[in-house]
Amino acid sequence: MLDLDRRSVPGLENAVIVRNAYAIEYDCINATQLKASLEFKEIDGLFSAGQSNGSSGYEEAAAQGIIAGINAAMKLLGKDPLILDRSDAYIGVLIDDLVTKETSEPYRMMTSRAEYRLLLRQDYADLRLYEYGHRAGLLSDERYNAVVEKKRIIEEEVQRLSETSVGTSAKIQEFLRAHGSTELTSGSTLAELIRRPELSYEAIADIDPERPEVSETTAEQINIEIKYEGYIKRQRIQVDQFRKLEKKLIPEGIDYDDVPSLRIEARQKLKKMRPASIGQASRISGVSPADINVLLVYLGRNRD
Ligand SMILES: Cc1cc2nc3c(=O)[nH]c(=O)nc-3n(C[C@H](O)[C@H](O)[C@H](O)COP(=O)(O)OP(=O)(O)OC[C@H]3O[C@@H](n4cnc5c(N)ncnc54)[C@H](O)[C@@H]3O)c2cc1C
2 MLDLDRRSVP GLENAVIVRN AYAIEYDCIN ATQLKASLEF KEIDGLFSAG QSNGSSGYEE
62 AAAQGIIAGI NAAMKLLGKD PLILDRSDAY IGVLIDDLVT KETSEPYRMM TSRAEYRLLL
122 RQDYADLRLY EYGHRAGLLS DERYNAVVEK KRIIEEEVQR LSETSVGTSA KIQEFLRAHG
182 STELTSGSTL AELIRRPELS YEAIADIDPE RPEVSETTAE QINIEIKYEG YIKRQRIQVD
242 QFRKLEKKLI PEGIDYDDVP SLRIEARQKL KKMRPASIGQ ASRISGVSPA DINVLLVYLG
302 RNRD
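For the sequence shown, our numbering begins at 2 and goes up steadily by one.
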């Protein structure tokens with residue numbers, strides 16, 4: 002890859018050199034030449050991953066390697082590429098950063114680069130990614146069905162706990178006192194009790210005789226879904242808004258010189274990067290929220 006004669010390969014003329022902290026210098030491509038599938042925009046069928054995309058780190062290289070490998074196979078099979086977005090996985094954040102932002106130093110995936118950290122937790126990676134894995138042919142039907150079943154149990158349990166009320170009986174008050182929790186003055190649902198910092202799904206087992214037998218990892222998810230419901234819901238709303246912007250496509254032939262009121266830096270960056278969507282445009286450094294509003298107004302006026 003690095004030995005390719007760049008001048009003779011369309012798309013590789015923009016290669017850059019980055020210098021690692023341990024003073025190791027290496028050639029890398031300008032990753033904005035890649036699609037989110039890690040295929041070159043200009044070289045059909047050539048995929049690029051790892052350090053040669055300007056990243057550094059074993060995990061970064063491995064994460065891109067698996068996506069580029071999957072997508073090379075998907076291409077040969079005539080299937081849609083596997084693209085994880087910024088709310089699906091850290092891999093999505095990593096690749097989106099590489100292909101939409103210019104890298105001036107070796108890229109490391111830091112959690113602070115992700116906007117939706119609450120949804121990118123590792124504790125439920127199976128529930129988050131099983132659909133993608135199955136669609137790509139990487140997850141057997143058996144394992145897929147096991148995750149579907151786990152999801153069903155979690156949803157039913159969360160629903161049941163939100164609908165099951167307990168009164169102010171002596172047994173309940175005694176239970177709360179024993180756990181250092183404030184006694185009830187009126188009825189409460191089991192979900193409300195789980196939300197108390199000193200209680201949990203596991204802790205309230207004694208006052209919840211109806212509960213089904215569930216695995217440890219399923220119980221953990223039920224607990225998290227209930228305890229952090231408010232925060233998780235808020236972040237899911239943000240993700241819905243983000244996905245709307247990803248779906249707002251920018252026409253390929255747009256002439257940014259025709260868009261009035263764009264700042265010069267934003268105009269230059271947009272002309273150079275040619276983002277596919279408003280979502281992508283909003284992540285280009287040098288393009289501000291005000292520029293995005295200008296662009297949205299322009300696209301709205303020039304629809305059709
Ligand atoms: C001293 C040092 C310490 C590091 N420490 C850490 C660390 O602690 N933690 C961490 O996460 N990362 C660390 N890294 C970074 C990490 O090693 C790299 O980011 C990662 O290995 C990059 O993987 P890669 O597969 O993209 O590239 P590489 O591992 O460089 O693999 C590229 C492969 O391509 C082959 N190749 C090159 N040209 C051609 C060609 N023309 N034809 C065929 N094959 C070719 C090379 O021989 C090589 O096998 C360290 C790196 C260095 C140098």
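Where a beta carbon is used, it is the ideal one built from N, C-alpha and C, also for glycine. Note that the structure is a prediction, hence the values are computed from the model and not measured.
Scanning 200, 33, 162 for the CA closest to the CA of residue 177 turns up 200. Non-local C-beta neighbours of residue 184 in its own chain, meaning closer than 6 Å and more than five positions away in sequence, comprise 174, 177, ordered along the chain. In this chain, the beta strand (DSSP E) harbouring residue 26 covers 26-29. Contact between residue 291 and residue 251 fails: their C-beta atoms lie close to 17 Å from each other, not under 8 Å. The Cβ atoms of residue 100 and residue 169 lie no closer than 8 Å to each other.
Residue range 142-164 is occupied by the alpha helix (DSSP H) that includes residue 145. In the three-state DSSP reduction, residue 113 falls in the helix class (H, G or I). Among the bridge pairs identified by DSSP, residue 91 is matched with none. One Cα belongs to residue 37, the other to residue 49, and the distance between them is close to 11 Å.
It is roughly 11 Å from the alpha-carbon of residue 293 to the alpha-carbon of residue 262.
One alpha carbon belongs to residue 158, the other to residue 151, and they sit about 11 Å apart. Between the beta-carbon of residue 206 and that of residue 212 there is about 7 Å, and that keeps the pair under the 8 Å contact cut. In the DSSP assignment, residue 83 falls outside any alpha helix (DSSP H) and carries neither an H nor an E. Straight-line spacing of the CA atoms in residue 55 and residue 215 works out to 45 Å. Distance check between residue 188 and each of 198, 210, 164 places 164 closest, using alpha-carbon atoms only. Here the C-alpha atom of residue 233 lies approximately 25 Å from the C-alpha atom of residue 279. Separation of the CB atoms of residue 58 and residue 109 is rounded to 5 Å, and the pair is thereby assigned contact status at 8 Å. Taking 7 Å as the cut-off, the C-beta of residue 57 counts as close to a heavy atom of ligand 1. Beta-bridge partners assigned by DSSP to residue 257: none are found. For residue 219, the enclosing alpha helix (DSSP H) covers residues 217-228.
In the structure shown, the three-state DSSP call for residue 283 is helix.
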